[in-house]
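Residues in the sequence shown are numbered consecutively from 12, following the numbering used here.
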Amino acid sequence: MFVFGLWAPAWEWTVAYAGTTPKRALVTASTLNVRSGPGTNHPLVGKLTEGADVTITGRSGEWFRVAGSGGVSGWVDGKYLTARLDGVRVVVDPGHGGHDGGAYANGLVEREVNLDIARYLREILRARGAEVRMTRETWAKNPPHYSSNPNDPTTRTGMANRWPADMLLSVHNNSSPNTTARGFLTIWGNAPQSRELAQVIHDRVLYWTAMRQGFDHKSFGRGVYRDTEIRGTTLAITNRSKVPATIIEVAFLTNRDDAALLKNDTFLRVAAKGIADGAGAFILQRVPEGDLMSGGQNAGGDGGHGGYDGSTRRDNADRRPFYDLMGPLAAEVVQAYEAGLVAGYGDGTFRPQNAVSRAELVAMLVRAVEKGRGQVPAPVKLPVFFEDVSKGQWFAESVYKAARAGYIRGYPDGTFRPTHSIRREEVAAVLRQVLGLADAPEPFKDVPDKNIFAGCIGAVRKAGLMIGYAKDVFGFGKAISRAEAAAVAFRLYSRIRNGS
Ligand SMILES: [Zn+2]
Numbered sequence: 012m013f014v015f016g017l018w019a020p021a022w023e024w025t026v027a028y029a030g031t032t033p034k035r036a037l038v039t040a041s042t043l044n045v046r047s048g049p050g051t052n053h054p055l056v057g058k059l060t061e062g063a064d065v066t067i068t069g070r071s072g073e074w075f076r077v078a079g080s081g082g083v084s085g086w087v088d089g090k091y092l093t094a095r096l097d098g099v100r101v102v103v104d105p106g107h108g109g110h111d112g113g114a115y116a117n118g119l120v121e122r123e124v125n126l127d128i129a130r131y132l133r134e135i136l137r138a139r140g141a142e143v144r145m146t147r148e149t150w151a152k153n154p155p156h157y158s159s160n161p162n163d164p165t166t167r168t169g170m171a172n173r174w175p176a177d178m179l180l181s182v183h184n185n186s187s188p189n190t191t192a193r194g195f196l197t198i199w200g201n202a203p204q205s206r207e208l209a210q211v212i213h214d215r216v217l218y219w220t221a222m223r224q225g226f227d228h229k230s231f232g233r234g235v236y237r238d239t240e241i242r243g244t245t246l247a248i249t250n251r252s253k254v255p256a257t258i259i260e261v262a263f264l265t266n267r268d269d270a271a272l273l274k275n276d277t278f279l280r281v282a283a284k285g286i287a288d289g290a291g292a293f294i295l296q297r298v299p300e301g302d303l304m305s306g307g308q309n310a311g312g313d314g315g316h317g318g319y320d321g322s323t324r325r326d327n328a329d330r331r332p333f334y335d336l337m338g339p340l341a342a343e344v345v346q347a348y349e350a351g352l353v354a355g356y357g358d359g360t361f362r363p364q365n366a367v368s369r370a371e372l373v374a375m376l377v378r379a380v381e382k383g384r385g386q387v388p389a390p391v392k393l394p395v396f397f398e399d400v401s402k403g404q405w406f407a408e409s410v411y412k413a414a415r416a417g418y419i420r421g422y423p424d425g426t427f428r429p430t431h432s433i434r435r436e437e438v439a440a441v442l443r444q445v446l447g448l449a450d451a452p453e454p455f456k457d458v459p460d461k462n463i464f465a466g467c468i469g470a471v472r473k474a475g476l477m478i479g480y481a482k483d484v485f486g487f488g489k490a491i492s493r494a495e496a497a498a499v500a501f502r503l504y505s506r507i508r509n510g511s
């Protein structure tokens, strides 16, 4: 039961704090389908597993485009994501405290159960990057709900308002004279977005407690544990808070079955996880619609003007050797693979958006020249030695061939830095060397005036090897991705084979 003060009307809602927009999310489904577009009608391009930490690269409605660390990228249903909470501020209020025990029933004291769940919640939120403040840390003493000053830090709502927090989560358990009443409940009030917050927490807690595969539903009463309702009330926490706030009533102490759940530590942790996922789902809604990438494969890449029609793209997708491959460069990456210029990883991925390393790039270009021309030109002038490239390494032969042919140089300190990424303009310089192209003017707005790479960039554009992200955007200063590098290697190979 709640022992809250009633809300006095005539409240001014002025929340200026905007909070941070999440850049990363976690997968909450055991397996999550990754699709080539935002909807279940799009082809499957991969799978992510629970706990996968992904970068958010775009949004279309409730679908999010994500890139996983394993190279899996594409669109996923946002229902199965929760935002990482880096920089997000959460006030967790374990309801009641001290002489106010809340409800007592079936050998349980609400004050204690609330604190147990709140502690688990705090740990999960912190593990996901959130800053968490608890209104109480022990069984004793909880500050008042509010005072005449809405920012009074000695009150629970004032703590959240003054910080200001991104949300205020008040953890409770329910009671009723009717001992058959049971189930989960979230409550919203007049606090801004408190209904939205309550709704997503409601959905996520139920997902974990009642619907989740792999959970022992039998012992936790599946089919019964869904007496659920969301309703607005006039309670202090949800009305006095100026930040999004919800009261979460996990279960009924007064119901024998619910009480058995509340004595089960696993259930308390699972409920806390559901609340944390809901908090993250709420923050995920801050992600704006549209493309969140500044460049790269899906924003156009080098294939933006490839002129593929839909059928060509489908044909290529059907014989796609890597399940994480998509976007405008996919067709050329496949061709590069079929020509033996590039390879993927052992797990079936190509990791198209990963930065290519200097060693990988050189290997691709040397293969393109050798397969196109029959051999790399004879060594020129001086022998070359890099102290960080030794015989046993897979890329050593390519690196030395390329260096002796004058395609690419090492650093003045005698290193090649094979694992470093390489910028797009540097690749342009390498390509110009490979083909002996003449400098040419370039039309890109992002290439600085009189830059030493400008002539190389113009040369490779004229040769059709690198055409930029858009008509006037080269992607200057950006590390070249594996997909972009593969496309470039294939274009080089084609050009050499065609004798141009
Ligand atoms: Zn309570």
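C-beta atoms are modelled at their ideal positions from N, C-alpha and C, and glycine is treated no differently.
Note that the structure is predicted; figures quoted are calculated from it, not measured.
Contact check for G359 and F397: beta-carbon distance about 32 Å, past the 8 Å limit, so the pair fails to qualify. The residue among S181, N44 and V377 with its C-alpha nearest the C-alpha of E61 is N44.
Taking a 10 Å sphere around the C-beta of W405, we find fewer than 16 other C-beta atoms and assign the residue as exposed.
CA-CA distance, P452 to S205, rounds to 57 Å.
The nearest non-hydrogen atom of ligand 1 is 7 Å or more from the C-beta of G112.
Taken atom to atom, the span from the alpha-carbon of A151 to that of H110 is near 7 Å. A residue is called buried when at least 16 other Cβ atoms come within 10 angstroms of its Cβ; Y480 meets this threshold and is buried. Exposure of S401 is indicated by the presence of fewer than 16 other C-beta atoms within 10 angstroms of its C-beta. Nearest to M178 by alpha-carbon distance, out of T249, D335 and P155, is T249. Taking the Cα of M145 as reference, the smallest distance to any Cα among V87, R100, E408 and R428 is reached at R100. Minimum Cα-Cα distance from G30 among the listed residues L446, A366, G291 and K489 corresponds to G291. For H107, the distance from the CB to the nearest heavy atom of ligand 1 is below 7 Å. Each residue's CA atom was taken as its position, placing N275 and P164 some 34 Å apart. Only exposed fits A449, as fewer than 16 other CB atoms lie within 10 angstroms of its CB. CA-CA distance, W86 to R122, rounds to 43 Å.
According to the DSSP secondary-structure assignment, N44 is paired through a beta bridge with K58. Contact between the stretch 367 to 377 and the stretch 427 to 443 is present: three or more C-beta pairs spanning the two stretches fall below 8 Å. In the structure shown, the three-state DSSP call for W174 is coil. For H431, the shortest separation between its Cβ and any heavy atom of ligand 1 does not lie below 7 Å. For G475, DSSP records no beta bridge to any residue.
One alpha carbon belongs to A354, the other to F361, and they sit about 7 Å apart. Scanning K482, R472, G475 and G488 for the CA closest to the CA of P459 turns up G488.
Taking the CA atoms as reference points, W174 sits about 41 Å from G57. In the three-state scheme derived from DSSP, where H, G and I count as helix and E and B as strand, R70 is classed as strand. Annotated as distal: L92 and T32, with beta-carbon spacing of 8 Å or more. Rounded to the nearest whole angstrom, the CA to CA distance from R369 to I491 is 10 Å. F263: member of the beta strand (DSSP E) spanning A256 to F263, first to last residue. The DSSP-derived three-state label of M145 is strand. For D268, the enclosing alpha helix (DSSP H) stretches over residues R267 to L273. Annotation: S505 to G383 spans about 7 Å, alpha carbon to alpha carbon. T93 carries a strand assignment under DSSP once its states are collapsed to helix, strand and coil. For the 8 Å CB-CB criterion, A129 and V103 form a contact.
Look at A78 here: in three-state DSSP terms it is strand. W219 carries a helical assignment under DSSP once its states are collapsed to helix, strand and coil. The three-state secondary structure of I198, taken from DSSP, is strand. As computed with DSSP, D302 is found in a beta bridge with G69.
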